[in-house]
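A.B. asks: Plus 856 on top of the position in the sequence shown (first one is 1) and you've got this note's numbering. Here a beta-carbon is modelled for each residue, glycine too, at the ideal position from N, C-alpha and C. Because the structure is a prediction, the values reported are computed rather than measured. There's a structure below that I have some questions on.
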Amino acid sequence: MKKLFFLLSCLLVLGSAPVWAQTSEPPMIVVRVTEDTDLVRLVIERGTGKQEELEFRSGYTRKDNQVAAKGYFDFLNKLYQQGYILQASIVGVPSQISNSTTLVFVKPSKP
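Following this line, the structure appears as structure tokens:
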């Protein structure tokens, strides 16, 4: 009987995924958004040492606005699918040629 309990205990431990073996995404990311009359550039910092960059067209024409809206949608949709929510938006000082905004996304901890 002791062997049976020992065997079941071992199987239970082996069957559960250890916390240290699970890979997880960082709980926070920072996104720097720079917009000028022709281009939107997003620089994504996850704290992993490698930044991501995403660029898409911007402008004032109908087509440029559609391209920019699609670029923003795809980017934000990807973050929301990964479980991130927008925590803060820090608006930079606009210049004559560009605007900068910093977005802070967090991944809520699971209870």
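What first and last residue would you give for the beta strand (DSSP E) that runs through D894?
C.D. replies: Taken as a continuous stretch (DSSP letters only), D894 belongs to no beta strand (DSSP E), as it is neither H nor E.
A.B. asks: The alpha helix (DSSP H) with V923 in it runs from where to where?
C.D. replies: R918 to Q937 is the span of the alpha helix (DSSP H), which, as asked, contains V923.
A.B. asks: Taking C-alpha atoms, which residue in Q937, L910, L935 and Y936 lies nearest to A924?
C.D. replies: Considering only alpha carbons, the answer is L910.
A.B. asks: Starting from the Cα of K966, find the closest Cα among R913, Y940, P950 and S954 and give me that residue.
C.D. replies: For K966, the nearest C-alpha among the options comes from Y940.
A.B. asks: State the beta-bridge partners of I946 as determined by DSSP.
C.D. replies: Beta-bridge pairing links I946 to T958.
A.B. asks: Out of curiosity, what's the CA-to-CA distance linking M884 and N921?
C.D. replies: Taking the straight line from one Cα to the other gives about 29 Å.
A.B. asks: So S945 and D892 are supposed to be a Cβ contact under 8 Å. How far apart are they, rounded?
C.D. replies: Actually they do not touch by this definition, with Cβ atoms about 19 Å apart.
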